[in-house]
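Notes follow once the structure below has been shown.
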Amino acid sequence: GKLWNRSLVIRDIETGSLWSHILGKCMDGDLKGSTFDFIPATMTTWLDWKDKYPESTVLDLPRTASSFVRDIMDHRDVYAYGIKVGTETAAYSYTKLFEQPLMEDELAGSPFILAFDVDSTRTFAFHRTLGEKTLSFESELKNDSMVDKETGSLWDPWTGVSTSGAHKGEQLKPVYGLITYIKSWKQFYP
7 GKLWNRSLVI RDIETGSLWS HILGKCMDGD LKGSTFDFIP ATMTTWLDWK DKYPESTVLD
67 LPRTASSFVR DIMDHRDVYA YGIKVGTETA AYSYTKLFEQ PLMEDELAGS PFILAFDVDS
127 TRTFAFHRTL GEKTLSFESE LKNDSMVDKE TGSLWDPWTG VSTSGAHKGE QLKPVYGLIT
187 YIKSWKQFYP
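Throughout the sequence shown, residue numbering follows my numbering, covering 7 to 196 in sequence.
Structural data, given as structure tokens:
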């Protein structure tokens with residue numbers, strides 16, 4: 007493997023080009039300057055995933071998700087959840103997320119909500135704008151759901167889908183985010 011700015015570099019098989027996963031950009035090779043679209047993903051425990059998605063398959067990596075979760079639990083001050091909206095970025099330390107698992111913020115004029123599961127370190131972010139309205143949420147989960155203050159609708163914090171209330175069936179748009187080392191994030195987004 008290779009590192010660039012203390013962060014892993016991805017090499018595509020087709021051209022051998024080198025990519026920064028944090029920037030989503032090709033740094034060297036035939037595709038230099040090209041970018042890729044980010045796809046929302048999550049890191050969680052197998053037990054948590056299997057409970058939510060019992061029929062799914064997973065990528066089994068040598069370093070297990072549970073060992074990664076244990077490392078985050080033991081070294082919260084080293085990790086962050088990095089978010090990019092347009093050209094603006096922000097990083098939320100795991101120390102802060104453990105203290106405040108549900109928080110609202112705004113980036114590039116786009117209001118969003120961050121949801122963090124303390125047991126699995128699973129983290130998601132969603133735009134809070136639904137149509138023409140910007141929703142506000144209670145600061146605590148209620149029965150494993152986010153509650154919007156405007157209608158009292160319940161929202162699944164892991165899918166962004168409203169499960170009951172006036173917004174039942176509607177879905178909040180995900181915000182791209184990734185678990186990262188705080189030092190690595192600051193190297194790319196000082």
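Ideal placement from N, C-alpha and C gives every residue a C-beta, glycine not left out.
Straight through space, the alpha carbons of residue 100 and residue 165 are spaced by roughly 21 Å. Boundaries of the beta strand (DSSP E) harbouring residue 111: 108 to 113, taken from the DSSP string. DSSP places residue 100 inside the alpha helix (DSSP H), whose first and last residues are 100 to 105. By the beta-carbon neighbour count (other beta carbons within 10 angstroms, threshold 16), residue 93 is exposed.
Contact between the segment 130 to 145 and the segment 18 to 25 is absent, with fewer than three C-beta pairs closer than 8 Å. By a beta-carbon distance limit of 8 Å, residue 168 does not contact residue 158. Their separation comes to about 11 Å. In this structure, residue 24 keeps its C-beta atom at 7 Å or more from the C-beta atom of residue 36. Put simply, the segment 142 to 156 touches the segment 107 to 118. At least three CB pairs are less than 8 Å apart. When DSSP states are grouped into helix, strand and coil, residue 161 belongs to the strand group. Between residue 127 and residue 104, the alpha-carbon positions lie close to 9 Å from each other.
Within the same chain, Cβ atoms closer than 6 Å to the Cβ of residue 32 are found at 23, 25, 38 and 40, the five residues on either side in sequence being excluded. If you ignore the 5 residues before and after residue 29, its C-beta comes within less than 7 Å of the C-beta of 194, all in its own chain and listed in chain order.
Counting other Cβ atoms within 10 Å of its Cβ, residue 63 stays below 16 and is therefore classed as exposed.
Our two residues, residue 14 and residue 185, have alpha carbons roughly 13 Å apart in a direct line.
Counting only runs that start and end inside the segment 109 to 195, the alpha helix (DSSP H) elements of at least 4 residues fall at 188 to 194.
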